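J.: In my numbering, the protein residues as written are 250 to 866. Just so it is clear, CB atoms sit at the ideal spot from N, CA and C, and this is done for glycine as well. All values derive from a computational prediction rather than experimental measurement. Mind having a look at this structure? Questions to follow.
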Amino acid sequence: RWFVNSPAWSADGAYVYARKHFVAERSLGAGEIWTYHASGPSDGLQVTERVGSQKDNGEPEASPDGRYLYYSKDVTPGLNFEYNKDPNGTIYAIMRRDLTTGRERRAVSVQGGSVAPAVSPDGKTLAYIRRQRTKSFLYLRDLQTGRDRQLFGNVDKDLQEAWAIHGLYPQFSWTPDGKALVVWGEGKIWKVDVASGQGKVVPFTARVEQTINDAVRFPQKVHPDDFPVKMLRDVRVAPDGKSVVYSALGHLYARALPEGQPKRLTTDNRFEFFPSFSRDGQWIVYATWTDADMGRVRVMRADGSSGRDVVTRPGHYVEPSFSPDGRTIVFRHAGGDSTRGPYNSEDAGIHVVPTAGGEPILVREGGADAEFDHTGQRIYFRDNRGGNYTLVSVGVPASSSAVPGRDEIEHIKSPNATEYAVSPDGAWIAFEERFKTFIAPFPRTGRSVEIGSGTQAYPVQRVSRDAGFFLHWSGDSKRLHWTLGPDLFTRDLARTFAFVEGGLAKADDAEVKGTPIGFTVKADRPSGVIALVGARVITMAGLKPGAIQGTPGVIENATVVITGNRITAIGPSSSVQVPSGATRVDVTGKTIMPGIVDAHAHVGGEGDGLLAESSWP
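Written out as structure tokens, the structure is:
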């Protein structure tokens, strides 16, 4: 299976060492070395320990005497994977683990890094791959003296800067007599003589069967007059289930349920996020943002009227919600980052403030997704503790002089959950795991309880077919709501568990159908005519011979005429007529080319959800 790879035999042939892959909060995860008995399938035994959930161990290699295990390890500082690694330093080192005592040391730790260890049959020499600037080389190390020798250069660049799920370089090996190495490089298999460093190509043929399918293509309408709004954020159904509010296109919209047309709740020019209803459904609390004035926490009536700031000091505010009696609001001050800037970042953390207004009181400095419990005396929040997403509660401080976070209680933990939602009556908990939605009774034992999709200690039921986001409960705690894109889903507890009041004799596993709650808006469309004059233009004619004078596919001294949102003329300036009244822009010395679409981007602060979402309407 893909998450167990890079196998290597033990010296006696009784075991196989391999890299085992783990995924936690980041999609590509980390690796450990495990061993499996060769007699047949087994769960295996752990050999090494990964550093956090984003750093890698891999490429195991056992010594011929069976005493040591060599492997490559990411030794860069910290627990997080970093994209901007310096290959001139030491990203990876080759570790040596004593399989009797468990003691480890760095066997090879050099500038340029060291990966893909391979021990000679006599156990005296270690072959490995090492980077020098932008190129990798095959090296040999005398394990007794520690001297290195560059052996062969016809290898490909290793993957030290990248995620090494399947190893940093394809596995290679010594010949049984120890006089040569067989290694892959430049699309060939080489036999490299150890004495001379000379490599000879090993010819080979392979029979490969490939299935070539027709490309799946759909017609695309470029710049339509209107478009569907599908990215609905921070969705919340009113406690009585009669309406829903959410953030879209950077503003708050409300819609009656089950039928109704979405409409904006305010005429505010600020970005609006994280709406949440009061328990009586009469008020909505939310957060705002502008680059000029920064953020505020505001309340308004459910119809959008009577809006006012509750937290008036500029800041980076997210995730506000009401206490059960509506008199207090809890929110998180996310602090600044490289996107929103560093200003007004003091006092970051979870706070409470009277709904009527006043000075916020710090509850604790860390945590996220804060909300009051059913008593109104404690506040739940989510925290990452020891690799587990943990649901914790803390008492509401009586005054600003109280010590923040002094009476914390851990309730629920999970290595894979990414979202929790506790019902208003405190009896149920919903959670998201691996993009699936689950419901369980809220277990209370006085100690932290692990929860997950495979939990057998108490009832846990999956309720979503596909992914689910923005989990929240109905006001009577009998229904769970979640969304996927523009669709709202609702699941009754009575359909989920037979033991609840009114529950079916057998839980209904039928798929929950979503209710579309999105809307369609007019696309922005510029007006007027612009002429870009004098540029070098790279066209989409490609390298079609003779299409354009000079370099194929390129027009020197070109004019591009744009009318509204369409290119209406393009060609040599001598042959393109610029309409009267057009705005001319001299772009001499510039190059114009067709746009390149980047479908992958990292935007905004970690877990803040402010500009990250507003940048992608």
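1. Using only alpha-carbon positions, find the residue among A790, Q303, V484, T383 that is nearest to L324.
2. Whose CA, out of V546, D305, A818, lies closest to the CA of L417?
3. Consult DSSP for L640 and reduce its assignment to one of helix, strand or coil.
4. Which residue comes first and which comes last in the beta strand (DSSP E) that contains T745?
5. Quick check on the DSSP output: what are the complete alpha helix (DSSP H) runs of length 4 or more inside the segment 407 to 488, in order along the chain?
6. My output table needs one value for S824: the three-state DSSP class, helix, strand or coil.
7. Apply the 10 Å Cβ neighbour rule to P326 and answer buried if 16 or more other Cβ atoms are within range, or exposed otherwise.
8. Whole angstroms is fine: what's the gap from P569's alpha carbon to F630's?
9. Counting along the chain, where does the beta strand (DSSP E) carrying Y264 start and finish?
10. Which class does D558 belong to by DSSP, given the choice of helix, strand or coil?
11. Note the first and the last residue of the continuous beta strand (DSSP E) segment covering K384.
12. Is it the case that the Cβ atoms of I658 and V645 are separated by a distance below 9 Å?
13. Could you give the distance in angstroms between the alpha-carbon of L611 and the alpha-carbon of I779?
14. What is the DSSP secondary structure of V846, counted as helix, strand or coil?
15. What do you reckon, are the CB atoms on H730 and P673 nearer than 9 Å?
16. E595: buried (16+ other C-beta within 10 angstroms of its C-beta) or exposed?
17. Do you know how far the Cα of A273 is from the Cα of P843?
18. Which of helix, strand or coil does DSSP assign to Q798?
19. Report the rounded CA-to-CA distance for T539 versus T732, giving the unit in angstroms.
20. Counting along the chain, where does the beta strand (DSSP E) carrying Q510 start and finish?
21. Just list the beta strand (DSSP E) runs in the segment 300 to 355, keeping only unbroken ones of 3 residues or longer that don't cross its boundaries, in chain order.
22. Quick test of the definition: if touching needs 3 or more C-beta pairs under 8 Å, does the segment 444 to 459 touch the segment 475 to 483?
23. Quick check: what's the CA-CA separation for R398 versus W423?
24. Does any residue of chain B have a CB that is nearer than 9 Å to the CB of K685?
25. Pick helix, strand or coil for N806, following the three-state DSSP scheme.
26. Assuming R547 and R562 make a contact with CB atoms under 8 Å, what is their CB distance in whole Å?
27. Determine the contact status of I343 and L294, defining contact as a CB-CB distance below 9 Å.
28. Helix, strand or coil for G598? Go by DSSP, reduced to three states.
29. Is the Cβ-Cβ distance between V471 and V484 less than 9 Å?
30. I think G585 touches H565, with their Cβ atoms under 8 Å apart; what is that distance to the nearest whole Å?
31. Would you check if there are 3 or more beta carbon pairs closer than 8 Å linking the segment 254 to 273 to the segment 281 to 299?
32. Shortest alpha-carbon distance to P664 belongs to which of R744, A617, G703, R728?
33. Mapping DSSP to helix, strand and coil, what is Q399?
34. Confirm, please, whether the CB-CB distance from S321 to G307 is below 9 Å.
35. Where DSSP assigns a beta bridge to V834, which residues make up the other side?
36. Take A505 and list the residues in its own chain whose beta-carbon comes closer than 6 Å to its own, dropping the five residues that flank it on each side.
T.: Looking at the coordinates:
1. Note that residue 324 corresponds to Val in the displayed sequence, not to Leu. Ranking the options by Cα distance to V324, first place goes to Q303.
2. D305
3. Note: L640 maps to strand in three-state DSSP.
4. First-last for T745: 742 to 745, but that is the alpha helix (DSSP H), not the beta strand (DSSP E).
5. Qualifying alpha helix (DSSP H) stretches: none in this window.
6. coil
7. exposed
8. 12 Å
9. 264 to 271
10. strand
11. That run of the beta strand (DSSP E) goes 384 to 391.
12. no
13. 54 Å
14. coil
15. no
16. exposed
17. 39 Å
18. With a pLDDT of 49 at Q798, under the threshold of 50, the modelled position of this residue cannot be trusted; read the value that follows with caution. Residue state, collapsed to three classes: coil.
19. 27 Å
20. Note, Q510: premise wrong, no beta strand (DSSP E); not H, not E.
21. 306 to 311, 317 to 323, 341 to 347
22. no
23. Note on geometry: alpha-carbon atoms of R398 and W423 lie some 16 Å from one another.
24. Although the question refers to chain B, the structure presented lacks it and comprises just one protein chain.
25. strand
26. Contact flag wrong, Cβ pair sits at about 13 Å.
27. no
28. DSSP places G598 in strand when its eight states are reduced to three.
29. no
30. The C-beta distance from G585 to H565 rounds to 6 Å, short enough to meet the 8 Å contact threshold.
31. yes
32. The option with the nearest alpha carbon to P664 is G703.
33. Residue state, collapsed to three classes: strand.
34. yes
35. L781
36. S492
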